[in-house]
Structure formats: C-alpha cells, structure tokens
Amino acid sequence: LIIEPQKRPRYSLEELLAQCDPHAEMREEDREWIDAPAVGKEIL
Numbered sequence: 001l002i003i004e005p006q007k008r009p010r011y012s013l014e015e016l017l018a019q020c021d022p023h024a025e026m027r028e029e030d031r032e033w034i035d036a037p038a039v040g041k042e043i044l
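Residues 1 to 44 in the numbering used here are what the sequence shown lists, from first letter to last.
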C-alpha cells in the first residue's frame, strides 16, 4: 500500500470572505463568545 500526499487547497482571505453572507444572523452562542472577556492566555 503506497500513500501519496495530497496537496491541500490554499485560499486567500479574500476568497474565503467572498463565500460568507455579510447579512447572516449571528447565533446567540457566537455572540456570547465574542462578548466574553479575555481569559489572559490569548496571543494577540
């Protein structure tokens, strides 16, 4: 059995954002995560 590595597609930020709906409603869970305070171990 020989396994050949597959190249993963690379996308630019522009390409990824083009797939998003800017008018989509944010879920409550996502809003809570964004509004939560930092815990102190984030890398900025």
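For each residue, glycine too, the CB sits at the ideal point set by N, CA and C.
Item to check | Where I43 falls: helix, strand or coil (DSSP) | outcome: Translated into the one-based positions of the sequence shown, residue 43 becomes position 43. If DSSP states are grouped into helix, strand and coil, I43 belongs with coil.
Next on the checklist: Counting only C-beta atoms, is I3 closer than 8 Å to chain C at any point?
Outcome noted: No chain C appears in this structure, which consists of one protein chain only.
Item to check | Endpoints, the alpha helix (DSSP H) within which A18 is located | outcome: On the sequence shown, residue 18 is found 18 positions in, with the first residue counted as 1. Residues 13 to 18.
Checklist entry - Can you give the Cα-Cα distance for E32 and I2, rounded to whole angstroms? => result The residue you call residue 32 lines up with position 32 of the sequence shown. The residue you call residue 2 lines up with position 2 of the sequence shown. Roughly 47 Å between the two C-alpha positions.
Next on the checklist: Please state the DSSP three-state secondary structure of E29.
Outcome noted: Residue numbering aside, residue 29 sits at position 29 when the sequence shown is read from its first letter. E29: helix per DSSP, three-state reduction.
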